[in-house]
Amino acid sequence: MSRHDLTDDQWAVIEPLIPKKPRARGRPRNDDRRTLNGMLYVLHTGCAWADLPKEYGSPSTCWRRWHAWSQDGTWERIWRTLLSRLDADSKLDWAHALLDGSFVPAKKGALAEAQRRSAKAPR
């Protein structure tokens, strides 16, 4: 077990939020907890998916499931649930909040914006 792995208590909170999709054919589905621990390992360490230690299973499985959960709202459900629990325990100070703009895509980039402004400027 890695220091990045979920504890039993953490897993007990998150497990009900994970979509259950049994496989009809092919190999058995990789364990959700093992896969989630692999995702957390990559997010904590910053390593490439391909460099994921074997104890977490296939890097491509971890990435595919991370991508699917991003698309289907699983990550947001986990995030909202954890925030609600922290709030219920009075462990959040809502008077302070941060927004990291590095996650907001620039429409056509800064260069296009500068060109648009210069085109509108009086000459």
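Residue numbering for the sequence shown follows UniProt numbering, starting at 1 and increasing by one per position. Beta carbons: idealized from backbone N, C-alpha and C, even for Gly. All of these numbers come straight from a predicted model, not from anything done at the bench.
Residue nearest to residue i in terms of C-alpha spacing, selected from the options
i          : options           : result
residue 37 : 56, 80, 46 and 81 : 56
residue 14 : 52, 91, 50 and 33 : 33
residue 2  : 97, 44 and 76     : 44
residue 19 : 28, 88, 72 and 80 : 72
residue 9  : 82, 90 and 70     : 82
residue 69 : 39, 97 and 26     : 39
residue 21 : 98, 87 and 65     : 65
residue 29 : 79, 80 and 62     : 62
Backbone CA spacing between residue i and residue j [nearest angstrom]
i          : j          : result
residue 85 : residue 49 : 30 Å
residue 74 : residue 54 : 24 Å
residue 93 : residue 6  : 25 Å
residue 26 : residue 35 : 18 Å
residue 91 : residue 60 : 36 Å
residue 31 : residue 23 : 12 Å
residue 67 : residue 78 : 15 Å
residue 16 : residue 80 : 13 Å
residue 52 : residue 89 : 34 Å
Continuous alpha helix (DSSP H) stretch holding residue i: start and end
i           : result
residue 85  : 74-88
residue 125 : Here the chain has residues from 1 to 123 only, and residue 125 is not among them.
residue 14  : 8-14
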